[in-house]
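Using full-length UniProt numbering, you'd call the opening residue of the sequence shown number 1 and step up by one each time.
Data block below; observations after.
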Amino acid sequence: MAKIAPSLLSADFANLKEDIEKVENGGADYLHLDVMDGIYVPNITFGPPVIKSLRKVTKLPFDVHLMIDRPERYIKDFVDAGADLITVHEEATIHLHRTIQEIKSYGVMAGVSLNPATPLENIEYILDDIDLVLIMTVNPGFGGQSFIEAMKDKIRKLRQIIDNKGLDIIIQVDGGVKLGNAREILDCGADLLVAGSDIFGAEDVEKRTKEFKEL
Ligand code: DX5
Ligand code: ZN
1 MAKIAPSLLS
11 ADFANLKEDI
21 EKVENGGADY
31 LHLDVMDGIY
41 VPNITFGPPV
51 IKSLRKVTKL
61 PFDVHLMIDR
71 PERYIKDFVD
81 AGADLITVHE
91 EATIHLHRTI
101 QEIKSYGVMA
111 GVSLNPATPL
121 ENIEYILDDI
131 DLVLIMTVNP
141 GFGGQSFIEA
151 MKDKIRKLRQ
161 IIDNKGLDII
171 IQVDGGVKLG
181 NAREILDCGA
191 DLLVAGSDIF
201 GAEDVEKRTK
211 EFKEL
C-alpha cells in the first residue's frame with residue numbers, strides 16, 4: 001500500500017485543525033510540514049511555535065521538511081516542537097554528516113533532501129547514516145508546481161542504489177505529485193509520497209487521502 005504525507009502548505013491556514021483531522025481520518029501516514037525561511041527558498045511559512053501548537057491536535061507523526069539555510073542552527077527547536085522526522089537539504093548545510101548526527105542524537109528520524117539539479121552522488125557517503133532520502137521533483141518554495149519528469153530516472157537510480165546496498169531507507173518524493181501520476185512514481189521505486197495541492201485542494205480532502213492510500 002502507498003504511504004502518503006499530505007503537505008500542510010496547501011491547507012487552509014485559518015482552519016489547520018480541521019484540515020489535519022480530514023487527512024488523519026483518510027489514513028495519512030505522516031503530516032508533511034514545509035518550513036521555509038525566505039533565504040534558502042523564496043518563500044516564508046511557519047516555524048517551531050506553530051508546529052508545537054499543532055502537536056496537540058493530532059497523533060500523526062510530524063515529517064518536518066526544513067527548507068532553511070544552515071538548518072543545524074534550529075534542529076533542537078524542531079525536536080522540542082514535536083518533530084518525528086527532520087529532513088534537511090544537502091545544499092543548505094556545509095557539514096551534512098554532523099547535522100545528521102545531531103538529528104539522530106535526539107532520537108528522531110533523519111532525512112536528506114536533494115533539489116532537482118543535485119546529483120545522487122552527493123549523498124553517497126552518508127547513506128548508512130540516514131532514514132530517508134527526499135527527492136524534490138519541483139524546485140522547492142511553492143506548492144502547485146509541475147512534476148519535473150527527469151526526476152523519474154533519479155528515483156529509479158536511487159532505488160537501485162538502496163536495494164544493491166541492502167539499506168533500509170525510505171524514498172520520499174515531493175512536488176507535483178497528484179493522484180494521476182502517483183502510480184507511476186511509486187513504480188519508479190518511491191515509498192512515501194508528499195502531496196499538497198492535490199489533497200488540500202480537493203473538494204473532499206478525506207476521500208482524496210483515501211484514494212492515495214488505495215493506490
Ligand atoms: C515545495 C514543498 C512541497 C509542497 C508540495 O517546496 O516542499 O511539500 O507543499 O506541493 P504540491 O504537492 O502542490 O506540489
Ligand atoms: Zn515539502
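Here a beta-carbon is modelled for each residue, glycine too, at the ideal position from N, C-alpha and C.
In this text the structure is predicted, and so the values were computed from the model without any measurement.
Supposed contact pair residue j and residue i - C-beta distance, whole angstroms, cut 8 Å
i, j, result
"Ser-7", "Gly-196", "3 Å"
"Ile-126", "Val-108", "In fact, because the Cβ distance is near 16 Å, the residues do not count as touching under 8 Å."
"Leu-85", "Leu-132", "7 Å"
"Asp-34", "Thr-45", "6 Å"
"Ile-155", "Gly-189", "5 Å"
"Asp-19", "Val-205", "7 Å"
"Ile-148", "Pro-119", "The pair is not a contact, with the Cβ atoms about 14 Å apart (cut-off 8 Å)."
Residues bridged to residue i (per DSSP)
i, result
"Ile-148", "BP columns for Ile-148 are empty, so no partner."
"Asp-37", "Ile-44"
"Ile-135", "Leu-114, Val-173"
"Leu-119", "Note on identity: in this sequence residue 119 is Pro, with Leu being the wrong assignment. In the DSSP output, where bridge partners are listed per residue, Pro-119 has none listed."
"Lys-3", "Leu-192"
Burial state of residue i, where buried means 16 or more other Cβ atoms lie within 10 Å
i, result
"Gly-26", "buried"
"Lys-165", "exposed"
"Phe-212", "buried"
"Pro-42", "exposed"
"Gln-172", "buried"
"Phe-200", "buried"
"Arg-208", "buried"
"Leu-114", "buried"
Neighbour flag for residue i against chain D, beta carbons, 8 Å
i, result
"Val-79", "The structure shown contains no chain D, having only a single protein chain."
(request) Only counting runs of 4 or more residues, tell me where the alpha helix (DSSP H) segments fall wholly within the region 152-203, in order along the chain. (result) 179-187, 197-200
(request) Mind listing, in chain order, the continuous beta strand (DSSP E) runs of no fewer than 3 residues lying wholly within the region 42-104? (result) 62-67, 85-89
(message) Beta-carbon distances below 5 Å to any heavy atom of the ligand ZN define the shell here; list its residues in chain order, please.
(response) Asp-34, His-65, Asp-174
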